[in-house]
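In our numbering, the protein residues as written are -7 to 251.
All C-beta atoms in this analysis are idealised placements derived from N, C-alpha and C, irrespective of residue type, glycine included.
The structure presented is a predicted model; accordingly, all values stated were derived computationally and were not measured.
Reviewing the structure listed below.
This is the structure:
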């Protein structure tokens, strides 16, 4: 908003009734509170200084003012400026005061239209935010799993949404697989979780996964002292862990009791 429009708005405030002023005050408090919380979350890992320049990875940085509430920095090497969101999936997104509300709706698996109505934004905005927010947390994964670790796989019907050419007849509104049992119409997803809640997942591809695929996924993330727990039907976990480490050969079924 330019200065002329803002001055005109200030003149209109004097004409508001007490009830209207109270509504305006609550609205301003809501906007300021939401945006300040988001800015605090964004700046918290970089409260002192960012580690390096996102453009040239230089480490000699200077503070360079603030824009939209975010601290900007200037790199002494490439002389370019940036802030905490530069180079991330959340860069150039507006309406920061509504980010926390949309994050809560995303965690609750709320559809886009009800979320847009609750946040008073367009449905296309929530669609754009969904892609950006999911991309920002996609790389937030643990590197290793320790202690008692449970692993199991599940299967989903493969979705060809958005594909120009279908390799099979279309399934209307989900539908069912054309072949009985597990087939290449289903995608295998492997999930492993330790007792502290750290979780990893892998898309293994169509149909049942092989021992080689299972080994490539688990062996690189399981700690040396990890105890793998698998369901009774999952014999691949047993064979892989026995072949790799003899001490890992004691693998308990989920239905059995732990010693």
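Where residue 4 falls: helix, strand or coil (DSSP): helix
Using only alpha-carbon positions, find the residue among 163, 45, 85 that is nearest to residue 67. 45
Does the separation of the CB atoms of residue 126 and residue 190 fall below 8 angstroms? no
Roughly how far, in whole angstroms, is the beta-carbon of residue 279 from the beta-carbon of residue 177, given that I think they are within contact range, below 8 angstroms? With the chain covering only -7 through 251, there is no way to say anything about residue 279.
Residue 167 versus residue 92 - alpha carbon distance: Going by C-alpha positions, residue 167 is about 35 angstroms away from residue 92.
Whose CA, out of 112, 107, 195, lies closest to the CA of residue 254? Here the chain comprises residues numbered -7 to 251, so residue 254 is not present and cannot be evaluated.
Nearest-angstrom Cα separation, counted from residue 14 out to residue 110: Rounded to the nearest whole angstrom, the CA to CA distance from residue 110 to residue 14 is 21 angstroms.
What is the DSSP secondary structure of residue 62, counted as helix, strand or coil? strand
Look at the alpha carbon of residue 28 and the alpha carbon of residue 124, and state the distance between them as a whole number of angstroms. 20 angstroms
Do you know how far the Cα of residue 154 is from the Cα of residue 39? Bear in mind that the predicted position of residue 39 carries a pLDDT of just 46, short of 50, making it unreliable; the figure below should be weighed with that in mind. Each residue's alpha carbon lies about 42 angstroms from the other.
Give, in chain order, every unbroken run of the beta strand (DSSP E) that is at least 3 residues long and sits entirely within the segment 118 to 190. 140 to 149, 178 to 186
Leaving out the 5 sequence neighbours to the left and right, which residues in its chain are closer than 8 angstroms to residue 69 when beta-carbon positions are compared? 45, 48, 50, 52
Given residue 171, which residues of its chain have a CB within under 8 angstroms of its CB, disregarding the five upstream and five downstream residues? 177
Just the Cα atoms here: how many angstroms apart are residue 147 and residue 222? Spanning the alpha carbons of residue 147 and residue 222 requires a straight line of approximately 16 angstroms.
Classify residue 222 as helix, strand or coil using the three-state DSSP reduction. strand
Backbone CA spacing between residue 129 and residue 139 [nearest angstrom]: 25 angstroms
Through-space distance from residue 115 to residue 97, alpha-carbon basis: 13 angstroms
Quick one: does residue 146 have its CB under 8 angstroms from some CB of chain D? As a matter of chain content, chain D is missing from the structure shown, which is built from one protein chain.
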